[in-house]
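Q: Can you read through this structure? Questions will come right after.
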Ligand code: SF4
Ligand code: SF4
Ligand SMILES: [Mg+2]
Ligand SMILES: [Mg+2]
Ligand SMILES: [Mg+2]
Ligand SMILES: [Mg+2]
Ligand SMILES: [Mg+2]
Ligand SMILES: [Mg+2]
Ligand SMILES: [Mg+2]
Ligand SMILES: [Mg+2]
Ligand SMILES: [Mg+2]
Ligand SMILES: [Mg+2]
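Residue numbers (this note's numbering), protein chains in the order written: chain Z, 1247 to 1342; chain L, 1247 to 1342; chain P, 5 to 382; chain H, 5 to 382; chain G, 6 to 345; chain S, 6 to 345.
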């Protein structure tokens, strides 16, 4: 449920209405900053937020993101993974 | 000014609103009989009226119509008329 | 077509043309010194050209095309006011088709419609009323225009709306009357007319007596005529016979339709709903005293001028006639359309400059469309 | 795409698949006796099929697709009520695109639109608000649906409308909550689940504590997860590790987005605008106590149910589920979509019979569209 | 029977399965175009004769109401394009048909329209070989618009055109004028008129080939559609730099058409036709053409209505009932119903 | 310069002088079609070679907004029909163009659209030889709709089509997918999205002839318009009774298109293109085609995106980034933006 996509806040468009511009891979849309406007609005510029139905619902925590990826990198690549990949390949060719 | 055409009243369609059906060469239209409804409405059925913008504006007096035509028939056809026709023919061919 | 076909009989037309020629010769009408008969009504102008009657009658008879086209005489400012109303949100503006093309300073109703106004052509004010019934949440305005022929129809429509309590219906009233401009014409010292063909359908409403002053005060013969070609030729013959016999009377060629005292129900409806304006503007003729009607205060709720605060209900903007327009001179019979410097150049039916090029009933448009000028040119 | 591409890295996916396989073997999960993990959220279901994850993970792991698609669980009667509102004269009915296809007893909103209702797709409730500002003479209704992720957006919109005095804006509220149906599922004696993948975007609003009862009362592990494939695989590994280690906790895989206590501004807006309904109907699950929200009396002017007197504001019509629909059994993980007698026959995405075929997030639709069944069939 | 909807929705235009089902069930199952590619691939011997030419034409059809006495928009779309080929002396071979459909359009009506098209095409010996459908939002079209294009072959030696007109040529029409325009005006309901009028809509390939056989020196032909006979003649007069004279007394007009025109203040010469053509022959071949046409259902009312003249190049004139004369000019804009 | 109006009124559709002036000044003065008759009359040697076939296609174009970054409806209308001819192996020769114009349409915009069409047609070596205009009431169309039909010639021996596909064939596209659909979705304004995306709209006759030269055994081609690449492949798979396998890792997609799809929850494989084709060659000729296309402006982004298989007839599958597999099904209705 609940399609969400990271976008970068590039500008404040209306401080009264708490709106700003979000950029998702070059596509821009004015969004409400209401859920994340708990400090000076200008501090939001440059930050990445999770965009859902035109609202910046959460600021993405860069450190947590890095930490998660680090954890994944630490996992060793095991034989089982390769088996799994082979399974996928079979499915692809309809032989499963 | 004031396009008008004879139509025959073929039916009363709404006695309260004083409307009836008029027939002009097979094309029918509901018209207001208000201007000519000075007697029993049903007496209008079969009569010819002068129709203008959806109103039966006048009942056509058949006797007067006949009298007018009779007067015209009585006129002799004179040489001047034939001259006039010839003029018209010249105009038609662009030679005038 | 009963009551039509009989009056288009070529054999009887030949009789009449002969009679006209005899009478013309008798009174000494010649091409150089013609007898000038004004057909007051645009419908007659139209019929003359449609059936080519001008080329058929004796060369001593000249038709002068009168001011009797309600579409032509509509001033620019009035069209602007229509558009002002039509632009109000929620308005459905209804009109006869021929009023769609009349230019105002901001273009015509056709162009206003293209710009997004909800403008609808109707055949009858009754249809506008029906649109109002079916669209209770919209304001439906009917563009009431026309001479006494048409005035009863909008009067009956307003009475019906009042009866039904149809609060979303109103009429933008531009009704005008025939006798007043005729009097203005006859008072014009430049005017040289020998007789009149009277408007048949106006007369079926008002009767023949409103023209008495033409005969009595100005000594000009007049015959009220129907619109079929025989009617027209017949009335010309009647006028010529009056001249030949030295009479000046109001005669009724169209007795099958026109009662001497008009139509009582229609006259009553007009009297109930309308009153005279002090004056009204005519395109090409200017303001003419007492020549227009307005809706009485009792029916003010159905008066679009009052409802929307436009036109005579407010400070009216003065819109001057276009430069170089000779409509006034043509309409008073002083010059032919072709003598207007704008004819066919600045002024054509596609881009009418003056009133008389606007409607196919206008003298200039009829000249152009049916080739009055061009037939002769070649 | 920052924060996206990194989480689609195939190399890291291989790491995770290996980890999952190790853990699955460790806990003895096999094809015949699989470990059953429910991804609660339809977005996770969608991602599983979009990236083909179900075919990649160890064969001892079985995904059970949860009830977390707000479009799927919309009951027929609610769609009928939408159409009832949209049919009112003057109404502009605005909705997210995916709600357009959900069938009611009188067809879907797509069909109502084709019949003439003014139904417009918007991306955001803010766009509906803007439509209301621009159309002051129309009633603009927004079809508010979604879980806690989406609820704040309509709450903020209603607050803005109230601030601006936008009297022509209202919300038809169908917001529902995640914890209550989970409790209902866990209470179901037929239910056999070994752990949960928690809804990441709902959690960014409500935080992770609302799931504590899953671990504490029912002893099941849960990991709140993001929506990229690595997120999903990571959370599966986390759940498996809990099982392997005999733990039952609420873990947060999606810490970059989900704060432990949720989003204070959003929670405040929800609390200000909404209150719990005594119960709310879910397609396939029936009425669930306290699982839906309604607009508080203070904001009744913006409540379409009140404004138009439909739905819970009136005597509601009971619409039974279609015959032969096995949605309830699929949604509670008892059977796979393919085991439903209607799957692919009476029920396809073109003509959905049950809730789960309606949206591409529904388990049956995802199975069908991405070929869950057909890939295997050949 | 994958199509369960009764009305067209936006889904039917989306490029997906709903569209495919609509196209298959409503259109291609009936038209049965050859092949399944984006373009029809066609061979015809007649085109490969030395001197043969290809004729190519297109028209969009918009009409309200979509169905009316005497036809529907589909019949117009097939006949109109067949006629534009036929009046050029071509044998019509293939049509394309592109539909722009308004959301909410009744599918049963679409089926009726398609059935009409199929029947008309078969009767005219043409095949609808390729097509397209688009769906637009409610209020972005008016029910359905159809654009047909046609390809035909003009046999070696056949060359009709305004340039071949000569003074003295007879002007022939194949039947009463204005039936279509009057029918639509009455059917539209705006003016609350009732009549038993029916559109003249018809394919005229048979009329044309009969005329070409009867008059080996036939000069030119035009179908008198929008703008009526008057517009067709004015265009030809202007192209040919010759004049035309019509005889009002012999113009074929139905009573109802006259009546409708009198009520609304219209001129029937400007009313649209969809099954009427005007053709030009040397005077001595005119009678043969009229006789030949009168044997055909679409030519029963054929008659000579006037002649070509060099007296007033570019002008169409009418000899009125009384021998008066008037110009029959090009229409300015639309014909609008008048009060005066 | 008889045309003084700035906006189209109903008068411009009435068959009279206003219509004639509009057609002359806005359309035929630019297109300069041969002759003045109801149908173009055409001769071409290429059609008279034994074995040559005529290709005939039509499409209606409806798009909102009418003008957008990268093109306008006129460019779509010319390119779309040129492409439908080209992908069948035909040399496009002649186009017809029929316009349905909404009352109120700005004439200056019509002139711009016509200028685009003229320029595109010239660049593609085709002539707009015949046309039509209709005017409908405000609210009965959406600005302007254009229907083009095209006639081309297929040289003797050329025969592309689904029936020629073989397992193992390479699937090639000429550039990034979905640019047009994403551009229009953003330009429409409904979703208040801004981007610098431009439509891919382009005529592909050059791409096709390059592909045909580089791959003598080219099997088939389709332009990927409405419904996108996924729909084109599904249709071909179903016609050919073969399967297709796409490699997600190599699918050419612009970042903005990805971004727009993520925001709205759309799948770029279903987004419309107007200058993208998919073609099929034996595997050993694929590289030559890609290399040849990359030298052309319309083929710069050409690449192999997958292959044909006989493993799952009628099905299009995608190998996902992780080696997972999923079916790329036919779209159901429209792609609707999602919240979930
Ligand atoms: S040509 Fe035009 S300006 Fe001149 S008199 Fe006639 S209407 Fe007036
Ligand atoms: S196939 Fe249809 S009816 Fe059966 S469970 Fe799935 S959605 Fe419900
Ligand atoms: Mg044509
Ligand atoms: Mg045509
Ligand atoms: Mg034609
Ligand atoms: Mg197509
Ligand atoms: Mg409509
Ligand atoms: Mg096509
Ligand atoms: Mg195409
Ligand atoms: Mg194509
Ligand atoms: Mg045409
Ligand atoms: Mg529009």
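Beta carbons are placed, not taken as given, at the ideal position from N, Cα and C, and that holds for glycine.
Under a criterion of Cβ closer than 5 Å to any non-hydrogen atom of ligand 5, which residues qualify, in chain order?
A: This selection yields G:89, G:228, S:43.
Q: Just the chain G side, please: which residues come within less than 7 Å of residue 340 of chain P by C-beta, in chain order?
A: Ordered by position in chain G, no residue passes the 7 Å Cβ test against residue 340 of chain P, which lies about 17 Å from the chain.
Q: For residue 321 of chain H, which of helix, strand or coil comes out of DSSP?
A: Reduced to three states, the DSSP call for residue 321 of chain H is coil.
Q: Mind checking the region 1260-1285 of chain Z against chain S and listing, in chain order, the residues whose C-beta falls within less than 7 Å of any C-beta there?
A: So the close ones are 1270, 1271, 1272, 1273, 1274, 1275, 1276.
Q: Judging by CA-CA distance, which residue of S:321, S:192, S:94 is the nearest neighbour of residue 282 of chain S?
A: If we check each option's Cα against that of residue 282 of chain S, S:94 comes out closest.
Q: If the cut is a Cβ gap below 8 Å, which residues of chain H does residue 1306 of chain Z touch?
A: Those within 8 Å of residue 1306 of chain Z in chain H are 7, 260, 261.
Q: Cα separation between residue 130 of chain S and residue 98 of chain S?
A: If you take the alpha carbons of residue 130 of chain S and residue 98 of chain S, they lie about 7 Å apart.
Q: Select from the region 49-62 of chain H all residues with a C-beta closer than 7 Å to any C-beta belonging to chain S, and list them in chain order.
A: Taking 7 Å as the Cβ-Cβ cut-off against chain S, the residues of the region 49-62 of chain H that qualify are 53, 54, 55, 56, 57, 59, 60.
Q: State the Cα-Cα distance for the pair residue 42 of chain G and residue 1274 of chain L, rounded to the nearest angstrom.
A: Roughly 51 Å separates the two Cα atoms.
Q: What would DSSP say about residue 189 of chain P, mapped onto helix, strand or coil?
A: Helix.
Q: Strictly below 8 Å CB to CB, what residues from chain G border residue 115 of chain H?
A: Within 8 Å Cβ-Cβ: 10, 12, 14.
Q: Name the chain H residues whose beta carbon is nearer than 7 Å to that of residue 344 of chain S?
A: Here the neighbours are 100, 102, 150, 154.
Q: Out of curiosity, what's the CA-to-CA distance linking residue 295 of chain P and residue 278 of chain P?
A: Their backbone Cα atoms lie some 12 Å apart in a straight line.
Q: In the DSSP assignment, find the alpha helix (DSSP H) that holds residue 314 of chain G and state where it starts and stops.
A: Looking at the DSSP string, residue 314 of chain G is not in any alpha helix (DSSP H); the run it does join, the beta strand (DSSP E), is 308-314.
Q: Compute the Euclidean distance between the alpha carbons of residue 305 of chain G and residue 56 of chain P, then round it to the nearest angstrom.
A: Straight-line Cα distance between these residues: approximately 31 Å.
Q: Please indicate yes or no: does the CB of residue 330 of chain H lie closer than 7 Å to some heavy atom of ligand 2?
A: True, at least one ligand heavy atom lies under 7 Å from that Cβ.
Q: Work out the CA separation of residue 234 of chain H and residue 60 of chain H for me, nearest whole Å.
A: Roughly 12 Å separates the two Cα atoms.
Q: Report yes if the C-beta of residue 295 of chain S is less than 7 Å from at least one heavy atom of ligand 10; otherwise report no.
A: It does not: the Cβ of residue 295 of chain S is nowhere closer than 7 Å to a heavy atom of ligand 10.
Q: Excluding the 5 residues flanking residue 177 of chain G on each side, which residues of the same chain have their C-beta closer than 8 Å to its C-beta?
A: The answer, listed in chain order, is 216, 283, 284, 285, 286, 291, 294, 295, 298, 307, 308, 309, 310.
Q: Using a Cβ cut-off of 8 Å (strictly closer), state whether residue 4 of chain P contacts chain L.
A: The structure shown does not extend to residue 4 of chain P, since chain P is modelled only from 5 to 382, so the question has no answer here.
Q: Taking DSSP as the reference, what is the three-state secondary structure of residue 205 of chain H?
A: Three-state DSSP puts residue 205 of chain H in a helix.
Q: Is it buried or exposed, residue 246 of chain P, if we count other Cβ atoms within 10 angstroms and call 16 or more buried?
A: Buried, because 16 or more other Cβ atoms sit within 10 Å of the Cβ of residue 246 of chain P.
Q: Measuring alpha carbon to alpha carbon, tell me which of P:275, P:357, P:273, P:297 ends up nearest residue 283 of chain P.
A: It is P:297 whose Cα lies nearest to the Cα of residue 283 of chain P.
Q: Quick check on residue 347 of chain P: does DSSP put it in helix, strand or coil?
A: Here residue 347 of chain P sits in strand by DSSP.
Q: Can we say the region 156-165 of chain S touches the region 47-58 of chain S, given the rule of at least three CB pairs closer than 8 Å?
A: The region 156-165 of chain S is in contact with the region 47-58 of chain S.
Q: Does the separation of the CB atoms of residue 212 of chain G and residue 179 of chain G fall below 8 Å?
A: Yes.
Q: Can you give, in chain order, each stretch of the beta strand (DSSP E) that sits fully within the region 38-119 of chain P and has at least 3 residues?
A: The region 38-119 of chain P contains these whole beta strand (DSSP E) runs: 39-45, 65-72, 95-99.
Q: Interface residues of chain H around residue 116 of chain G at Cβ under 8 Å?
A: Going along chain H, no residue has its Cβ under 8 Å from residue 116 of chain G, so there is no contact; the nearest lies around 17 Å.
Q: Just by C-beta distance, which residues in the region 161-178 of chain P are closer than 7 Å to chain L?
A: Flagged: no residues at all.
Q: May I ask you to list the residues that DSSP assigns as paired with residue 139 of chain S?
A: For residue 139 of chain S, which the question treats as bridged, DSSP gives the partners S:105.
Q: Measure the alpha-carbon distance for residue 162 of chain H versus residue 303 of chain H and round it to whole angstroms.
A: The straight-line gap from Cα to Cα measures roughly 8 Å.
Q: What did DSSP end up calling residue 23 of chain P once you bin it into helix, strand or coil?
A: Of the three classes helix, strand and coil, the one that applies to residue 23 of chain P here is helix, per DSSP.
Q: In the DSSP output, which residue or residues are listed as bridge partners for residue 178 of chain P?
A: Paired residue(s): P:149.
Q: Looking only at its chain, what residues have a beta carbon closer than 7 Å to the beta carbon of residue 382 of chain P, apart from the 5 residues adjacent to it on each side?
A: Residue confidence for residue 382 of chain P is low, a pLDDT of 41 falling below 50, so the modelled location carries little weight and cannot support an answer.
Q: Less than 8 Å between the C-beta atoms of residue 135 of chain G and residue 66 of chain S, yes or no?
A: Contact: no.
Q: From residue 263 of chain G to residue 272 of chain G, what does the alpha carbon distance come to, in whole angstroms?
A: The alpha-carbon atoms of residue 263 of chain G and residue 272 of chain G are separated by roughly 9 Å.
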